[in-house]
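Read through the structure below, which is laid out as structure tokens, and then see the notes.
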């Protein structure tokens, strides 16, 4: 992500503790020792938390949705 906007930064900030909670739940903090399944679960936790927070922010009406650039990406 290049030059994240305020919504994306807020979503990253909200997702970070979820990653920590998952790692704590499996008793690992060294990413190099994660199994493939653990790594994929960590990514899923982070991405889901990020998307959920971004949707919450945009749905709350506090911020207007950013305009989409050509190709559907902002």
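Numbering (my numbering), first residue to last: 11 to 84. Note that the Cβ used here is the ideal one computed from N, Cα and C, for glycine as well.
- Considering only 68, 56, 48, the residue with the shortest C-alpha distance to residue 22 is 56.
- CA-CA distance, residue 60 to residue 24, rounds to 7 Å.
- Take the alpha-carbon of residue 29 and the one of residue 36: they are about 11 Å apart.
- Between residue 52 and residue 64, the C-beta spacing is not below 8 Å.
- Assignment of residue 30 by DSSP, reduced to helix, strand and coil, places it in the helix class.
- Counting along the chain, the unbroken alpha helix (DSSP H) around residue 67 starts and ends at 46-69.
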